[in-house]
Amino acid sequence: MDTHIVSSFDSSEFTHLTRTLSKSTVIGLDAEWKPVRSQRSTFPTVTLLQLACQIGDDSAGWDESVVFLLDLSSLPLPSIWGLIKDVLVSPDILKLGFKFKQDLIYLSSTFRAQGGNPGFDQVEPYMDITNIYKFLQHKQGKKISKDKKSLSAICEEILGLHLSKELQCSDWSHRPLTEEQIRYAAKDAHCLLGIFKIFQAKVIKEGPLCNHVNEQHQSNVSLGLKGILEMPDCENKLVGRKFCNALDIVQATASSEECERIARGVEVIRKTKPMDESLWKIVRKYGEKLFLRVSDRNPKASRRKGKRRSSVAVCEEKQLENYGDWQGPPPWDISLGGDGCPKFLCDVMVEGLAKHLRCVGVDAAVPHSRKPEPRELIDQAYKEKRVLLTRDAKLLRHQYLIKNQIYRVNNLLKNEQLLEVIEAFQLKISEDQLMSRCTKCNGRFIQKPLTVEEAIEAAKGFQKIPNCLFDKNLEFWQCMDCNQLYWELCQILQSVREPSTTMLFRSSSMSAN
Numbered sequence: 000m001d002t003h004i005v006s007s008f009d010s011s012e013f014t015h016l017t018r019t020l021s022k023s024t025v026i027g028l029d030a031e032w033k034p035v036r037s038q039r040s041t042f043p044t045v046t047l048l049q050l051a052c053q054i055g056d057d058s059a060g061w062d063e064s065v066v067f068l069l070d071l072s073s074l075p076l077p078s079i080w081g082l083i084k085d086v087l088v089s090p091d092i093l094k095l096g097f098k099f100k101q102d103l104i105y106l107s108s109t110f111r112a113q114g115g116n117p118g119f120d121q122v123e124p125y126m127d128i129t130n131i132y133k134f135l136q137h138k139q140g141k142k143i144s145k146d147k148k149s150l151s152a153i154c155e156e157i158l159g160l161h162l163s164k165e166l167q168c169s170d171w172s173h174r175p176l177t178e179e180q181i182r183y184a185a186k187d188a189h190c191l192l193g194i195f196k197i198f199q200a201k202v203i204k205e206g207p208l209c210n211h212v213n214e215q216h217q218s219n220v221s222l223g224l225k226g227i228l229e230m231p232d233c234e235n236k237l238v239g240r241k242f243c244n245a246l247d248i249v250q251a252t253a254s255s256e257e258c259e260r261i262a263r264g265v266e267v268i269r270k271t272k273p274m275d276e277s278l279w280k281i282v283r284k285y286g287e288k289l290f291l292r293v294s295d296r297n298p299k300a301s302r303r304k305g306k307r308r309s310s311v312a313v314c315e316e317k318q319l320e321n322y323g324d325w326q327g328p329p330p331w332d333i334s335l336g337g338d339g340c341p342k343f344l345c346d347v348m349v350e351g352l353a354k355h356l357r358c359v360g361v362d363a364a365v366p367h368s369r370k371p372e373p374r375e376l377i378d379q380a381y382k383e384k385r386v387l388l389t390r391d392a393k394l395l396r397h398q399y400l401i402k403n404q405i406y407r408v409n410n411l412l413k414n415e416q417l418l419e420v421i422e423a424f425q426l427k428i429s430e431d432q433l434m435s436r437c438t439k440c441n442g443r444f445i446q447k448p449l450t451v452e453e454a455i456e457a458a459k460g461f462q463k464i465p466n467c468l469f470d471k472n473l474e475f476w477q478c479m480d481c482n483q484l485y486w487e488l489c490q491i492l493q494s495v496r497e498p499s500t501t502m503l504f505r506s507s508s509m510s511a512n
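For the sequence shown, numbering that gives the first Met the number 0 gives the first residue as 0, with consecutive numbering after it.
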């Protein structure tokens, strides 16, 4: 994956962007902005726009695509408005997005506020990854679930790719962006191309598309992939989409500002490379149009919430601040009838933190069910004498909470969350505790290492051990609860000794002294 940050109008990256767009047939779209922590009367300001460009025909691999990160906080928005507008409405470029309507609303608001232009009101042709996923589920004979899956879950299932969403709520207005933010932003748009490639291969494999497109009546225009999936006998329905000639319309309504922009030498995406026949037919059958209404231009404020804020909300915010610093004995404290061993329950918002805690030997459980109710979480934490770790502010307001039962994690990154919890609860971590717990189930390891023969016997029908490990005289360890096998613990120890973990031992030893 080739990634370029475009932050200057006169840079070589901007020239590379315009040339790449003129050759692209499929583009993955995404946007990032600084999260809004309180109710506001304006939309968030988009500071980064990601364009993942697939160049060439179907034979090009999605991993060979180019990703451009447009730094909207540095670029002159009036100068690039026409470029982005052309991309969004070009009939020769299929746009992909994951619930991109919200991104489009924020993007349009940003350009209207800072660029003095009408913003953006449509994306066409467009396909949503959510509908593509449902299509693939339908073709596999699986029941289409009503539950909305996250992009991370879809990537895991379709591409076998882990897409961490830790940085989604980070401060995208701060410059320079961190290396982690750059990788996250690029992968978020790039994975859309990979999911579409799977969908495209599936559709082409099933046979010819739109053989009789020209014979269809005008009333049979496409309902889009979502509409097709909702139609009875959707596999036998042949529908097409008729696109207007966006080029003629834009040329006929070109503003003086756009003419001035052309005069300055900006390359406009007017003559893009035409789609090949197979992609064109997919677009005609499954393409959609993302359109913003006039009502989408203004934030929808809740009067009821506004009235409550004058009295209740202010008090609640003050109460939430008290959860920032842990005070009082935790439920595992011996004085409260506990066994003195720290125990935590990580809800779904900090589930990744549970594995990091287990790596350093801390007992960290996860909810019994995949989508637990708040009362279930609180009851589980109470019965097991655990502190509930969460980032969910709403959970802190629950009426069933008792004193010293919940802690709100402030940091976004797992390593930083780990350090925060250790510092907040003054946990003492020794090197002997590293990898003393199973990262899969939170169980304990068998104290004695297994021989190669014992490991092979334990793995039969359960887990595959690579043949290359048998000649290395390694020690194998097994979880006593789930029977998961681990090897090369020395390398695992090195992997967890990151800078953050080194700081962990340094601070832990200092507190011990």
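C-beta atoms are modelled at their ideal positions from N, C-alpha and C, and glycine is treated no differently.
Item to check | Own chain, CB closer than 7 Å to Ile455, minus 5 neighbours either side, in chain order | outcome: Ile464
Checklist entry - Can you name, in chain order, every residue of its own chain whose Cβ lies under 6 Å from the Cβ of Gln416, other than the five neighbours on each side? => result Leu352, Val408 and Asn410
Checklist entry - Is Lys342 helix, strand or coil when you go by DSSP? => result strand
Checklist entry - For the beta strand (DSSP E) that Trp535 lies in, which residues bound it at each end? => result Summary: the structure shown does not reach residue 535, with the chain confined to residues 0 through 512, and so no result is reported for it.
Checklist entry - Can you round the beta-carbon distance between Leu71 and Leu48 to whole angstroms, since I take them to be within the 8 Å contact cut? => result 6 Å
Next on the checklist: Going by DSSP, what residue range makes up the alpha helix (DSSP H) through Leu278?
Outcome noted: Glu276 to Tyr285
Checklist entry - Among the residues of its own chain, which have a CB less than 7 Å from the CB of Ile153, if the five just before and after it don't count? => result Ile128, Tyr132 and Ile194
Item to check | Rounded distance between the beta-carbons of Asp29 and Asp187, thought under 8 Å | outcome: 5 Å
Item to check | Pairwise C-alpha distance: Val5 and Ser64 | outcome: 16 Å
Next on the checklist: Within the continuous beta strand (DSSP E) that includes Leu95, where are the two ends?
Outcome noted: Leu93 to Gly96
Checklist entry - At what residue ranges does the segment 142 to 185 contain a whole run of the alpha helix (DSSP H), taking only runs of 4 or more? => result 150 to 157
Item to check | Met126 - DSSP class collapsed to helix/strand/coil | outcome: strand
Checklist entry - If Phe343 sits next to Val361, beta carbons under 8 Å apart, how far is it from one beta carbon to the other, in whole angstroms? => result 7 Å
Item to check | Residue span of the alpha helix (DSSP H) that contains Gln416, given as start and end | outcome: Lys413 to Ala423
Item to check | Anticipated Cβ contact below 8 Å, Val45 with Thr109, distance rounded | outcome: 4 Å
Next on the checklist: Check this for me: beta carbons of Lys164 and Glu123, under 9 Å apart or not?
Outcome noted: no
Next on the checklist: Nearest by alpha-carbon distance to Lys98: which of Pro341, Phe290 and Lys459 is it?
Outcome noted: Phe290
Checklist entry - Which runs of the alpha helix (DSSP H) fall wholly inside the segment 341 to 390 and span at least 4 residues, in chain order? => result 350 to 358 and 373 to 382
Next on the checklist: Using a Cβ-Cβ cutoff of less than 6 Å, which residues in the same chain neighbour Leu192 once the five nearest sequence positions on both sides are dropped?
Outcome noted: Gly27, Ala51, Gln53, Trp61 and Ser64
Checklist entry - Taking buried to mean at least 16 other C-beta atoms within 10 Å of its own C-beta, is Lys9 buried or exposed? => result The sequence shown places Asp at residue 9, rather than the Lys named in the question. Result: exposed.
Checklist entry - What does a CB cutoff of less than 6 Å around Lys354 pick up in its chain, not counting 5 residues either side in sequence? => result Thr438
Next on the checklist: Suppose contacts are defined by Cβ-Cβ distances below 9 Å. Is Leu82 in contact with Thr17 by that definition?
Outcome noted: yes
Item to check | Local conformation of Lys439 per DSSP, three classes | outcome: coil
Next on the checklist: Just list the residues that DSSP pairs Leu468 with in beta bridges.
Outcome noted: DSSP, once it has assigned bridges, lists no residue as partnering Leu468.
Checklist entry - Roughly how many whole angstroms lie between the Cα atoms of Leu400 and Lys299? => result 32 Å
Next on the checklist: Beta-carbon within less than 7 Å of Met348's beta-carbon, same chain only, minus the 5 sequence neighbours each way: which residues are those?
Outcome noted: Thr389, Arg390 and Asp391
Item to check | DSSP three-state assignment for Lys304, whether helix, strand or coil | outcome: Because Lys304 carries a pLDDT of 46, less than 50, the predicted location of this residue cannot be relied on, and no value is offered for it.
Item to check | Enclosing alpha helix (DSSP H) for Trp518 [first to last residue] | outcome: Given a span of 0 to 512 for the chain in the structure shown, any question on residue 518 remains unanswerable.
Item to check | Length of the line joining the Cα atoms of Ala363 and Ile157 | outcome: 29 Å
Next on the checklist: Just to confirm before moving on: does the CB-CB distance between Leu106 and Gly96 stay below 9 Å?
Outcome noted: no
Next on the checklist: From the DSSP secondary-structure annotation, give me the bridge partner or partners of Leu484.
Outcome noted: Gln477
Next on the checklist: Would Val365 and Glu350 be called neighbours here (beta carbons separated by less than 9 Å)?
Outcome noted: yes
Next on the checklist: Could you pull the DSSP bridge partners for Cys190 from this structure?
Outcome noted: None; Cys190 has no bridge partner.
Item to check | Strand pairing of His137, partner residues [DSSP] | outcome: None, per the DSSP bridge assignment.
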